[in-house]
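Visitor: I'd like to ask you about the structure that follows.
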Ligand SMILES: [Zn+2]
Ligand SMILES: [Zn+2]
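Residue numbers (this note's numbering): 4 to 348.
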């Protein structure tokens, strides 16, 4: 047996060729003279083979882009690649690649090189965010003409936190804009579902009124696309607040769809209050404004506390089931009366 190409004898022959001649003819590795990497200027995701990905390191991203650009014959296999990067300038790197590839049961070494070039761009999601893209608006309103700052702050945190937990790894779920408008806040959502979830949650747990509507927006791939609007009207009070209803004061223990679970401050008994109109309820004292008072004397039915505003002792009746854990109790003054709150509420 001899090599038909070079005539070498007494050697391993593959396809009528010696190992060297076979390799020259059939075992090759090529790479384009440059490999471009686009980095999103906003989130640092890198576009690799047409898809935007989060990368742990730019070195790793360059290596995988380089390796992804290598071409070898269809009947051979990449066994090993070693990429050496040398920085020409921060946007251009020379990549030297040592390759081991196997063909017909034998391994061959090849060395190739390319230039890695960095480009700045914007990934699809960031482009949408920058363009304030939205498919749904969540409109959160209070009862009056304007929403008070405390509530606005709290709802802003609530909605953004909920979104964060729903988002997970879905890059297409985001809030592209939050706008302060007359009477409340508008949240612009990239997708309707999370907006709807938040709206429903506010309805179910905070007695909010819920309305949804849609409007035609445009066409996408031959189908009509609509934009959703979820309107949420908050009742103007929350868990822990003191409200007035039907000439009585109540501590709001919890809220659910259409009903408030209140504790009658005079009696201490709890009852559900059906909510037909938010305006039937009047906010007396916000939870954050309830003060504590030092207890002076406590008997079976009565309690004497030091009014923190006037420093005058007050004798009050204890509500049914009253429980005290510390030296102080929460003291509430409304236009209807003065009460102590049980620590069990
Ligand atoms: Zn040969
Ligand atoms: Zn991005």
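From the three backbone atoms N, C-alpha and C, an ideal C-beta is built for every residue, glycine too.
Would you call the segment 268-275 and the segment 291-309 in contact, with 3 or more CB pairs under 8 Å?
Guide: no
Visitor: Among the candidates 260, 296 and 142, whose CA atom is the shortest distance from the CA of residue 206?
Guide: Residue 206 sits at position 203 when you count from the first residue of the chain shown. Taking only the C-alpha atoms, the option nearest residue 206 is 260.
Visitor: For residue 159, write down the residues that DSSP places opposite it in a beta bridge.
Guide: Here residue 159 refers to the residue found at position 156 when the chain shown is read from its first residue. According to DSSP, residue 159 bridges with nothing at all.
Visitor: Mapping DSSP to helix, strand and coil, what is residue 208?
Guide: Residue mapping note: residue 208 aligns to position 205 of the chain shown, counting from 1. Helix at residue 208.
Visitor: List the residues that DSSP assigns as beta-bridge partners of residue 296.
Guide: Reading the chain shown from its first residue, position 293 is the one you call residue 296. The partner list for residue 296 (beta bridge, DSSP) reads 332.
Visitor: Whose C-beta lies closer than 7 Å to the C-beta of residue 90 among residues of the same chain, with five residues either side of it excluded?
Guide: Numbered from its first residue, the chain shown carries residue 90 at position 87. Within the same chain, residue 90 has close Cβ partners 96.
Visitor: Shortest alpha-carbon distance to residue 179 belongs to which of 172, 198, 168 and 185?
Guide: Working through the chain shown from its first residue, we reach residue 179 at position 176. When each option's Cα is compared against that of residue 179, the closest is 198.
Visitor: Taking 7 Å as the cut-off, does the CB of residue 12 come closer than this to any heavy atom belonging to ligand 1?
Guide: Locating residue 12 in the chain shown gives position 9, counting from the first residue. Because no heavy atom of ligand 1 lies under 7 Å away, the Cβ of residue 12 does not count as near it: no.
Visitor: Would a C-beta distance cut-off of 8 Å place residue 86 and residue 110 closer than the cut-off?
Guide: Stepping through the chain shown from its first residue, residue 86 is reached at position 83. Stepping through the chain shown from its first residue, residue 110 is reached at position 107. The criterion of a C-beta distance shorter than 8 Å is not satisfied by residue 86 and residue 110.
Visitor: Given this structure, state the Cα-to-Cα distance separating residue 231 from residue 36, to the nearest angstrom.
Guide: Position 228 of the chain shown, counted from the first residue, corresponds to residue 231. Position 33 of the chain shown, counted from the first residue, corresponds to residue 36. For residue 231 and residue 36, the distance between alpha carbons rounds to 49 Å.
Visitor: Taking the alpha-carbon positions, what's the residue 3 to residue 342 distance?
Guide: The question about residue 3 has no answer, for the chain in this structure spans 4 to 348.
Visitor: From residue 43 to residue 220, what does the alpha carbon distance come to, in whole angstroms?
Guide: In the chain shown, residue 43 corresponds to position 40, counting from 1. In the chain shown, residue 220 corresponds to position 217, counting from 1. The straight-line gap from Cα to Cα measures roughly 28 Å.
Visitor: What does the alpha-carbon distance come out to for the pair residue 300 and residue 323?
Guide: Here the question's residue 300 lines up with position 297 in the chain shown. Here the question's residue 323 lines up with position 320 in the chain shown. Straight-line Cα distance between these residues: approximately 18 Å.
Visitor: Who sits around ligand 2, taking every residue whose Cβ is closer than 7 Å to one of its heavy atoms?
Guide: 43, 45, 46, 48, 55, 125, 126, 128 and 129
Visitor: Taking Cβ positions, are residue 235 and residue 202 nearer each other than 8 Å?
Guide: Here the question's residue 235 lines up with position 232 in the chain shown. Here the question's residue 202 lines up with position 199 in the chain shown. Yes, the pair counts as a contact, with Cβ atoms nearer than the cut-off.
Visitor: Please find out if some non-hydrogen atom of ligand 1 comes closer than 7 Å to the beta-carbon of residue 358.
Guide: Shown here, the chain extends from 4 to 348; a query on residue 358 therefore has no answer.
Visitor: Tell me the DSSP bridge mates of residue 149?
Guide: Here the question's residue 149 lines up with position 146 in the chain shown. Answer by DSSP bridge pairing: none, since residue 149 is not bridged.
Visitor: Are residue 289 and residue 258 touching if we call contact CB-CB under 8 Å?
Guide: Against the chain shown, residue 289 aligns to sequence position 286. Against the chain shown, residue 258 aligns to sequence position 255. Going by C-beta atoms, residue 289 is not nearer than 8 Å to residue 258.
Visitor: Secondary structure at residue 68, three-state DSSP: helix, strand or coil?
Guide: Along the chain shown, read from residue 1 onward, the residue named residue 68 stands at position 65. Under the three-state reduction of DSSP output, residue 68 falls in the helix class.
Visitor: Are residue 173 and residue 138 touching if we call contact CB-CB under 8 Å?
Guide: Indexing the chain shown from 1 puts residue 173 at position 170. Indexing the chain shown from 1 puts residue 138 at position 135. Not in contact: residue 173 and residue 138 (Cβ atoms no closer than 8 Å).
Visitor: For residue 8, which three-state DSSP category applies?
Guide: Reading the chain shown from its first residue, position 5 is the one you call residue 8. Coil.
Visitor: If we call anything under 8 Å between Cβ atoms a contact, is residue 128 one with residue 189?
Guide: Indexing the chain shown from 1 puts residue 128 at position 125. Indexing the chain shown from 1 puts residue 189 at position 186. Contact: no.
Visitor: Taking 8 Å as the cut-off, decide whether the C-beta atoms of residue 254 and residue 344 are in contact.
Guide: Position 251 of the chain shown, counted from the first residue, corresponds to residue 254. Position 341 of the chain shown, counted from the first residue, corresponds to residue 344. Result yes, Cβ atoms of residue 254 and residue 344 sit closer than 8 Å.
Visitor: How about residue 145: is its C-beta nearer than 8 Å to some C-beta of chain C?
Guide: Of the chains in the structure shown, none is chain C; there is only one protein chain.
Visitor: Whole angstroms is fine: what's the gap from residue 313's alpha carbon to residue 152's?
Guide: The residue you call residue 313 lines up with position 310 of the chain shown. The residue you call residue 152 lines up with position 149 of the chain shown. About 28 Å.
Visitor: Any heavy atom of ligand 1 inside 7 Å of the beta-carbon of residue 23?
Guide: As a working mapping, residue 23 is identified with position 20 in the chain shown. It does: the Cβ of residue 23 is within 7 Å (strictly closer) of some heavy atom of ligand 1.
Visitor: Does the distance from the CB of residue 160 to the CB of residue 252 come in under 8 Å?
Guide: Numbered from its first residue, the chain shown carries residue 160 at position 157. Numbered from its first residue, the chain shown carries residue 252 at position 249. Taking 8 Å as the Cβ cut-off, residue 160 and residue 252 do not qualify as a contacting pair.
Visitor: Run through DSSP, which three-state label would residue 231 get?
Guide: Within the chain shown, the letter at position 228 stands for residue 231. If DSSP states are grouped into helix, strand and coil, residue 231 belongs with the strands.
Visitor: Ligand 1 and residue 15: does any heavy atom of the ligand fall closer than 7 Å to the residue's C-beta?
Guide: In the chain shown, the residue the question calls residue 15 occupies position 12. Result no, Cβ not under 7 Å from ligand 1.
Visitor: What residue ranges within the segment 17-87 form continuous alpha helix (DSSP H) runs of no fewer than 4 residues, ordered along the chain?
Guide: 22-29 and 61-71
Visitor: What are the boundary residues of the alpha helix (DSSP H) that residue 130 is part of?
Guide: If you number the chain shown from 1, residue 130 lands on position 127. Element bounds for residue 130: 127-133.
Visitor: So what's residue 2 in DSSP terms, helix, strand or just coil?
Guide: It is not possible to answer for residue 2, since the shown part of the chain is limited to 4 through 348.
Visitor: Unbroken alpha helix (DSSP H) runs of length 4 or more, entirely within the segment 252-283: which are they?
Guide: none
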